[in-house]
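Taken in sequence, the protein lines are chains A and B.
For the first sequence, numbering that gives the first Met the number 0 begins at 0 and goes up steadily by one.
For the second sequence, numbering that gives the first Met the number 0 begins at 0 and goes up steadily by one.
Below is one structure; the comments refer to it alone.
Number of protein chains: 2
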Amino acid sequence: MASISVPNPVPPATEDAENIRKAVQGWGTDEKALIDILGRRTAAQRAEIAVAYEDLYNETLLDRLHSELSGDFRSAMMLWTMDPAARDAKLAHKALKKKGDRHVWVLIEVACASSPDHLVAVRKAYCAAYSASLEEDVAACPLYKDPLKQASPPFLVRLVSSYRYSGELVDDELARAEAAELHDAVVARKQTLHGDVVRIVSSRSKPQLKATFERFRQEHGKAIDDVLEERRSDQLAAMLKTAVWCLASPERHFAEVIRSSIVGLGTDEESLTRAIVSRAEVDMKKVKEEYEVRYRKTVTGDVNGDTSGYYNDILLTLVGPE
Amino acid sequence: MASISVPNPVPPATEDAENIRKAVQGWGTDEKALIDILGRRTAAQRAEIAVAYEDLYNETLLDRLHSELSGDFRSAMMLWTMDPAARDAKLAHKALKKKGDRHVWVLIEVACASSPDHLVAVRKAYCAAYSASLEEDVAACPLYKDPLKQASPPFLVRLVSSYRYSGELVDDELARAEAAELHDAVVARKQTLHGDVVRIVSSRSKPQLKATFERFRQEHGKAIDDVLEERRSDQLAAMLKTAVWCLASPERHFAEVIRSSIVGLGTDEESLTRAIVSRAEVDMKKVKEEYEVRYRKTVTGDVNGDTSGYYNDILLTLVGPE
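This is the structure in C-alpha cells:
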C-alpha cells in the first residue's frame, strides 16, 4: 500500500550517494536529481545512502540538505530522508511546543497510527534526541495542564506509552462488553466511565478495538466515531475520535489531514508535508482512495492546486500516480 | 555488583549442554552438576546453552528441567534458566492473578527495578507469551478494579508502560520544584495532587528522581520513603514507597523482600526465589550489604536457616560468598 516507486534494480547506496554529491556540489543545486533519487528509495535504502554519504564525504546528508535547500521543499526532503523513528520523535517534540488540535493530532498519530514496535523505536529516538522521555514531556506539557480537563494529559500519556499486543487474536465476548462500556461512557456521558474509555482505547490491540467498534455500530446503529464527532466541542471526545481513526482506519484520518491542510485560506504546509511523508511508505494508496471517495477530488489534484515548484515535485513523487 | 561466579575460561555452550544432558539422563538426576553449570553462567551464556541443548537433543532445556526436577528447587532452576525478560513477563502474569501487597510488589519491581530497555523487552515477551499487552492486563485486572482507589490501577499502568530517559542529565531546578509538589501531595495530603505524584514517579528518569528525593530530604528534614512508610495503610502510599525504593535504591527493596520472606511463620519461597534469581546478576552484592546493615544478619545465614537441600544449594550459589 506504499505509494513510492523504487527502481528495479535499485542502484548501490554508494552510487546514490555519489549522485547526490554531484547534485549538491558546486554552483547551484540539482533539486530534480535529489527528488529522483531520495524520493524513490525505501527507508532502509535511504538509511544506507545516508551512511554511505557520510563515509564518503565526511558530512551528514541531513546537514548538507539543510544548507543546500530551503523552505517547504527543504522540510519535506529532510523529514523524508530522516530515519522514520527519529522523524516522528522530532514531529512529536515540535507538537509539544504548540497549542491547538492539529498539534494534538501529531501526538495521537505517532502513538496510534503506526505499529507498536515503531512507537517503541520513536520513544528510544526521542530519549536519544531530547534527553527526556516522550511520556514525561507529554505528561508535563504546560499546554495540556488544565485542571478542568484532567482526562486529557493522562489519555495522551497512556497513548504514547502503549505497547499493544500486535497479534490477530480477538476476544468477541470482550468486544461486546467493552462496546457497551464505551457506549455508556460516550453516549450516556457518564463522567465516571471516562477512565474505562481511556483504558480501552489506550491499551487494547488494534484488531480487538476494530471488533469492539464494529460491535458498537451493530448494537447501537451508529459508529462510535460519528457519535464522538457530534460531541467534538468536548476536547476528550475530539481526541478520542482522532485516536479511533488512527487506530482502526488511519487512511480516514490522513485523508482528513491532507484535505484540511488544503481547504481554507492558505495552505498548512506543515500538516500536508507530515501526512504525505509519514504515510508514503505505509498506506498512501488507501489514503488516496479514501480521499477520492470522501471529497470527490484527488490528492494529486489538490496538491497541484495548492503547491508549486520542487515542493510540489517531491510531494507528487511520494504520493505516486493516481 | 553481580554475585554469581563464572569460571574462567567458560566452557563452550555445547560442552555445557552435553554435561547437562549427562546430569539428567538415565536413572536419577545429578542436581549438583546442574547447579554447578547453570548457577555459574550469565544470562547470555545460559541462553546459548539452551539453544545448544535444543539443537543437540531435540527437546527444550526448560521442558527437561520441568520433568526432571520438582518443588522449590525446580521453580528456582527454571526461573534462573529462562531468558530474564520472559521470566519477568511470567512473574508479572502470575502476580496479576493474586491479590495482596506482595503481588503488587512484583509488578512494581518489573516496572521500576530494571532498565528501561529491559522493561521494553519484558513487554515484548509478555505479548508473545500471553497474546495481550502487559499494560492492558494490569489496567483491566479485576483485583485492582476498585472505584474507591482509582489512583492505583492507572499508577501501576503508568509504571509498567514507562520508557524512561536513561541518561545521566539532571535538571536541578526541576528536582526542587517536583520535590515541593511531592511534599504537598504526600505530606499535606492534597488529593488533587495525586495526579502529579503519579506523573513524576512514573515518568522521570532515575537520576532525576534521585535528585528530587534528595532535595525532598534536604528541604523537609525527612526522606520521602519514611514519610510514605508512616502512611502505609493508604494503598497508594504503600505502592509509592515500593516504587521509590525500586527506582532509587532497589537493594533496599530486595533486602526487605528477602527478609520478609524469611521472618514469620513458614517461608515465602516464591518471594525468596524471585528476589535472589532476579538480582543475582544485577545488584546482589549491594543487597547483601544492605541486608547486613539493616538486619544485622547475612542473607546466607538466613537462607541457611530457612531452606535446605538442592533448593538451598542453588540459592547460595546465586547469592555468592558473603
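The beta-carbon is built from N, C-alpha and C at its ideal position, and this holds for glycine as well.
Model, not experiment: these values are computed from the prediction.
Quiz item: Would the beta-carbon of B/S161 be found less than 7 angstroms away from any heavy atom of the ligand FAD?
Solution: No copy of the ligand FAD occurs in the structure displayed, which carries no ligand at all.
Quiz item: First and last residue of the alpha helix (DSSP H) that includes B/C140?
Solution: Here residue 140 of chain B refers to the residue found at position 141 of the second sequence. Segment: none, B/C140 is in no alpha helix (DSSP H) and carries neither H nor E.
Quiz prompt | 8 angstroms contact criterion, which B/E53 and B/T59 should meet: CB distance rounded | solution = Against the second sequence, residue 53 of chain B aligns to sequence position 54. Against the second sequence, residue 59 of chain B aligns to sequence position 60. With 8 angstroms as the limit, B/E53 and B/T59 qualify as a contact, their Cβ atoms being about 5 angstroms apart.
Exercise. For B/G166, decide whether its Cβ has a neighbour in chain A, counting only Cβ atoms nearer than 8 angstroms.
Key: Position 167 of the second sequence, counting from 1, holds the residue named residue 166 of chain B. Cβ-Cβ to chain A under 8 angstroms: yes for B/G166.
Quiz item: Would the beta-carbon of B/A244 fall within 8 angstroms of that of B/D224?
Solution: Position 245 of the second sequence, counted from the first residue, corresponds to residue 244 of chain B. Position 225 of the second sequence, counted from the first residue, corresponds to residue 224 of chain B. In the sequence as presented, Ala is not what sits at residue 244 of chain B; that position holds Trp. Closer than 8 angstroms, so yes.
Self-check item: 8 angstroms contact criterion, which B/I261 and B/D312 should meet: CB distance rounded
Solution: Walking along the second sequence from the start, residue 261 of chain B turns up at place 262. Walking along the second sequence from the start, residue 312 of chain B turns up at place 313. With a Cβ gap of about 17 angstroms, B/I261 and B/D312 do not count as contacting.
Self-check item: Cutoff 6 angstroms; reference A/R258; Cβ partners in own chain excluding five residues on either side
Solution: Counting from one through the first sequence, the residue named residue 258 of chain A turns up at place 259. Closer than 6 angstroms at the Cβ level, and outside the excluded window around A/R258, lie Y294.
Quiz item: With A/V121 and A/V137 assumed to form a contact (beta carbons below 8 angstroms), what rounded beta-carbon distance in angstroms separates them?
Solution: If you number the first sequence from 1, residue 121 of chain A lands on position 122. If you number the first sequence from 1, residue 137 of chain A lands on position 138. Wrong, their Cβ atoms sit about 12 angstroms apart, outside the cutoff.
Quiz item: By how many angstroms is the C-alpha of B/A1 removed from the C-alpha of B/E280?
Solution: Locating residue 280 of chain B in the second sequence gives position 281, counting from the first residue. Locating residue 1 of chain B in the second sequence gives position 2, counting from the first residue. Computed Cα separation, rounded: 4 angstroms.
Quiz item: Quick check: the region 4-19 of chain B against the region 38-50 of chain B, are there 3 or more CB pairs under 8 angstroms?
Solution: yes
Exercise. Can you tell me the Cβ-Cβ gap for B/K164 and B/S204, rounded? I've got them flagged as a contact below 8 angstroms.
Key: Walking along the second sequence from the start, residue 164 of chain B turns up at place 165. Walking along the second sequence from the start, residue 204 of chain B turns up at place 205. Contrary to the premise, residue 164 of chain B reads as Tyr rather than Lys in this sequence. With 8 angstroms as the limit, B/Y164 and B/S204 qualify as a contact, their Cβ atoms being about 4 angstroms apart.
Exercise. Determine which residues of the region 125-136 of chain A have a Cβ less than 9 angstroms from any Cβ of chain B, and write them out in chain order.
Key: Y125, C126, A127, Y129, S130, A131, S132, L133, E134, E135, D136
Quiz item: Since B/L227 contacts B/V185 with CB under 8 angstroms, what's their CB separation in whole angstroms?
Solution: Translated into positions along the second sequence, residue 227 of chain B becomes position 228. Translated into positions along the second sequence, residue 185 of chain B becomes position 186. The pair is a contact, with the Cβ atoms about 6 angstroms apart (cut-off 8 angstroms).
Practice problem: Would you please state the rounded distance, in angstroms, between the beta carbons of B/H92 and B/M77? I believe it to be under 8 angstroms. | Solution: Taking the second sequence and counting its residues from 1, one reaches residue 92 of chain B at position 93. Taking the second sequence and counting its residues from 1, one reaches residue 77 of chain B at position 78. B/H92 to B/M77, Cβ: 15 angstroms. No contact.
Quiz prompt | Whole-Å CB distance - A/Y290 paired with A/A75, under 8 angstroms assumed | solution = Residue numbering aside, residue 290 of chain A sits at position 291 when the first sequence is read from its first letter. Residue numbering aside, residue 75 of chain A sits at position 76 when the first sequence is read from its first letter. Actually they do not touch by this definition, with Cβ atoms about 19 angstroms apart.
Quiz item: What three-state label does DSSP hand B/E172 in the structure shown?
Solution: Reading the second sequence from its first residue, position 173 is the one you call residue 172 of chain B. B/E172: helix per DSSP, three-state reduction.
Quiz item: Taking any Cβ of chain B, which residues in the region 111-123 of chain A have a Cβ under 7 angstroms from it, in chain order?
Solution: V119, R122
Quiz prompt | Inter-residue spacing [alpha-carbon to alpha-carbon] between A/L246 and A/C111 | solution = For the purposes of this step, residue 246 of chain A is taken as residue 247 along the first sequence, with counting starting at 1. For the purposes of this step, residue 111 of chain A is taken as residue 112 along the first sequence, with counting starting at 1. Distance between the alpha carbons of A/L246 and A/C111: 5 angstroms.
Quiz item: Whose C-alpha, out of A/R198, A/R20, A/R101, A/V119, is nearest the C-alpha of A/R273?
Solution: In the first sequence, counting from the first residue as 1, residue 273 of chain A sits at position 274. Here the closest residue by C-alpha is A/R101.
Self-check item: Interface flag, A/S277 vs chain B, CB-CB below 8 angstroms
Solution: Sequence index remark: in the first sequence, residue 277 of chain A carries index 278 (1-based). No, no contact with chain B.
Quiz item: When the Cα of A/L317 is compared with those of A/L271, A/K296, A/Q207, which residue comes out closest?
Solution: Within the first sequence, numbered from 1, the residue matching residue 317 of chain A stands at position 318. Ranking the options by Cα distance to A/L317, first place goes to A/L271.
Exercise. For A/Q328, count neighbouring Cβ atoms within 10 angstroms of its own Cβ and tell me buried if that reaches 16, exposed if not.
Key: Nothing about residue 328 of chain A can be reported from this structure: the residues present for chain A run from 0 to 321 only.
Practice problem: List the residues of chain A whose Cβ lies closer than 9 angstroms to the Cβ of B/P153, in chain order. | Solution: What you label residue 153 of chain B is simply residue 154 of the second sequence in a count that begins at 1. Under the 9 angstroms cutoff, chain A gives P153, R157, G194, V197, R198.
Quiz item: So which residues on chain B does A/R258 lean against when the C-beta distance must stay under 9 angstroms?
Solution: The residue given as residue 258 of chain A occupies position 259 in the first sequence. By Cβ distance, chain B contributes nothing, its closest Cβ being about 33 angstroms from A/R258, past 9 angstroms.
Quiz item: By Cβ distance, which residues of its chain are closer than 6 angstroms to A/P206, with the 5 residues on each side in sequence left out?
Solution: Here residue 206 of chain A corresponds to residue number 207 of the first sequence, with the count starting at 1. Only E167, V169 meet the Cβ criterion.
Quiz item: Hey, which unbroken runs of the beta strand (DSSP E) at 3 residues or more fall wholly within the region 217-304 of chain A?
Solution: none
Quiz item: Cβ atoms of A/E250 and A/V286: under 8 angstroms apart, would you say?
Solution: For the purposes of this step, residue 286 of chain A is taken as the residue at position 287 of the first sequence. For the purposes of this step, residue 250 of chain A is taken as the residue at position 251 of the first sequence. Going by C-beta atoms, A/V286 is nearer than 8 angstroms to A/E250.
Quiz prompt | Cβ-based neighbour list, B/A237, same chain, cut-off 7 angstroms, excluding 5 preceding and 5 following | solution = Here residue 237 of chain B corresponds to residue number 238 of the second sequence, with the count starting at 1. So the qualifying residues of the chain are D100, R231.
Quiz item: Which residues in the same chain have their Cβ closer than 7 angstroms to the Cβ of A/P146, if we skip the five residues on either side of it in sequence?
Solution: Numbered from its first residue, the first sequence carries residue 146 of chain A at position 147. Reliability of the predicted coordinates at A/P146 is poor, the pLDDT of 44 falling under 50, and the value obtained from them is presented with this limitation in mind. Excluding positions up to five away in sequence, the list is empty.
Self-check item: Distance between B/L106 and A/R278 (C-alpha atoms, nearest Å)
Solution: On the first sequence, residue 278 of chain A is found 279 positions in, with the first residue counted as 1. On the second sequence, residue 106 of chain B is found 107 positions in, with the first residue counted as 1. If I take the Cα positions, the gap works out to 37 angstroms.
Exercise. Determine, using beta carbons only, whether B/R63 comes closer than 8 angstroms to chain A.
Key: Here residue 63 of chain B refers to the residue found at position 64 when the second sequence is read from its first residue. No, B/R63 lies away from the interface with chain A (no Cβ there is under 8 angstroms from its Cβ).
Exercise. List the whole-angstrom C-beta distance separating A/L90 from A/V103, where the pair is believed to meet the contact cut-off of C-beta under 8 angstroms.
Key: Indexing the first sequence from 1 puts residue 90 of chain A at position 91. Indexing the first sequence from 1 puts residue 103 of chain A at position 104. That pair is no contact at about 12 angstroms.
Self-check item: C-beta neighbour in chain A for B/K148, strict 8 angstroms
Solution: Working through the second sequence from its first residue, we reach residue 148 of chain B at position 149. In this predicted model, B/K148 has a pLDDT of only 47, less than 50, meaning its place in the structure is not dependable enough to derive any value.
Quiz prompt | Nearest to A/L95 (by Cα), restricted to the options A/R63, A/N57, A/E135, A/A85 | solution = Translated into positions along the first sequence, residue 95 of chain A becomes position 96. A/L95 has its Cα closest to that of A/E135, out of A/R63, A/N57, A/E135, A/A85.
Self-check item: Short CB-CB distance (under 8 angstroms) between A/Y52 and chain B
Solution: Position 53 of the first sequence holds residue 52 of chain A. So, not an interface residue.
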